[in-house]
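Trainee: To convert, count from 1 in the sequence shown and add 1018; that's our numbering.
Cβ atoms here follow ideal geometry from the backbone N, Cα and C, with glycine treated the same way.
Note that this is a predicted model, so its numbers are computed, not measured.
First, the structure itself, so that you have it in front of you.
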Amino acid sequence: MRSLYLSVDEHVYGKLVDFLKLLPAKQIKIEEIACSKELKKEIAERKKEIRRGEFITHKKFWDKIGV
């Protein structure tokens, strides 16, 4: 089985999940992966850093948030 990661706006998310639920249950599995508020905050900060042109390595980013 293949996996697909999607990042969509909140207003599109519900519609997308409703559509995927129409597909045969034995062929698709919908799984939400929860993450901590701290991780969400760190990711938002990282996006701001990228917009400002401040780049760090992938490893340094994940080491910074302790994942």
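1. Tell me the DSSP secondary structure of residue 1032 in three-state form.
2. When the Cα atoms are used, what is the spatial distance from residue 1057 to residue 1063?
3. Verify whether the separation of the beta carbon atoms of residue 1048 and residue 1040 is less than 8 Å.
Mentor: Reading off the structure:
1. One-based indexing of the sequence shown puts residue 1032 at position 14. Of the three classes helix, strand and coil, the one that applies to residue 1032 here is helix, per DSSP.
2. Sequence index remark: in the sequence shown, residue 1057 carries index 39 (1-based). Sequence index remark: in the sequence shown, residue 1063 carries index 45 (1-based). C-alpha separation (whole angstroms): 10 Å.
3. On the sequence shown, position 30 is the one that residue 1048 refers to. On the sequence shown, position 22 is the one that residue 1040 refers to. Taking 8 Å as the Cβ cut-off, residue 1048 and residue 1040 do not qualify as a contacting pair.
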